[in-house]
Amino acid sequence: MKRYYDPESGGFYLSTVHQEIPQRAVPITLEEHSALVRALEQGKVIQLDENGHPIAVEPPALPEPTEQELTQQRIIEIQQLLTANDSASVRPLRAKAAGTATDADKARLVELETQAQALRSELVALTNPESSEDQSQPEQSSTKQSFLKKCNWLRMGKN
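Per this note's numbering, the very first residue in the sequence shown carries number 930; after that it's consecutive.
Below you can see the structure in the form of structure tokens.
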């Protein structure tokens, strides 16, 4: 049984299994086949050496992310942090609404809102750089509007 590696398809071929072996396929030994498969499993890639024989090499380094990609990653991270912030606000808000909020609950709400404001400001700057200088009235998400309505309701109803 003969074994082959085809650089065009990146596939291995066995003479007893495959009726058609590609023209460019290179004959390899059982040991070479086993070593190449192990190397692939370890994340290496196969390329041809100067003699046209397949060898395993480290894959090329990934390019550095662009500024746009980094910005998009940060936007996603901020959105996740804001969602977590909203979740963390629920228990102290309920305590405040029920009139059972402790000083720690009130302090936690202030802390969470301060964090959220900083994150929202950063988000506005990232998504709309032209308006980052004038953030007197940044656009508010429905989540933020809902949160602020709850805070205003709580301030008016229960201190």
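By construction, the Cβ of each residue, glycine as well, lies at the ideal position given by its N, Cα and C atoms.
Keep in mind the model is a prediction, meaning the values are calculated, not measured.
List the endpoints of the continuous beta strand (DSSP E) containing residue i.
i, result
"PRO956", "955 to 957"
"LEU991", "From DSSP, LEU991 is part of no beta strand (DSSP E); its letter is neither H nor E."
"ASP935", "932 to 935"
"GLY940", "940 to 943"
Report the residue from the options whose alpha carbon sits nearest the alpha carbon of residue i.
i, options, result
"ARG1049", "THR995, GLY939, ASP1015 and LEU959", "ASP1015"
"GLU960", "ALA1017, ARG1037 and TYR933", "TYR933"
"GLN952", "THR958, LEU943 and ASP935", "ASP935"
"SER938", "GLU998, ILE950 and THR1056", "ILE950"
"ILE1007", "GLN948, ASP1032, THR1056 and GLY940", "THR1056"
"ALA1036", "TYR942, SER1018 and ALA1027", "SER1018"
"ALA1054", "THR1029, VAL955, THR1000 and HIS962", "THR1000"
"PRO983", "THR995, GLY940 and GLN948", "GLY940"
"HIS962", "LEU943, LEU1011, ASN980 and GLU979", "LEU943"
"GLN948", "THR958, LYS931 and ILE957", "LYS931"
"PRO989", "THR995, GLU998, GLY981 and GLN976", "GLN976"
"LYS972", "ASP978, ALA1045, GLU987 and THR958", "Reading off the sequence, residue 972 comes out as Gly, not Lys. Minimum Cα distance to GLY972 is reached at GLU987."
With residue i as the anchor, note down where its alpha helix (DSSP H) starts and where it stops.
i, result
"PRO1058", "No alpha helix (DSSP H) contains PRO1058, which DSSP labels as neither H nor E."
Tell me the DSSP secondary structure of residue i in three-state form.
i, result
"ILE950", "coil"
"SER1065", "Unreliable placement is indicated for SER1065, whose pLDDT of 47 sits below 50; no coordinate value is reported for it."
"GLN976", "strand"
Any beta carbon of chain C sitting closer than 8 Å to that of residue i?
i, result
"LYS1035", "Absent from the structure is chain C; it holds one protein chain and no more."
Are the beta-carbon atoms belonging to residue i and residue j less than 8 Å from one another?
i, j, result
"ILE1004", "LEU1052", "yes"
"VAL946", "GLY981", "no"
Inter-stretch contact at 8 Å, needing at least 3 Cβ pairs: the segment 956 to 972 / the segment 1021 to 1030 = These segments do not touch.
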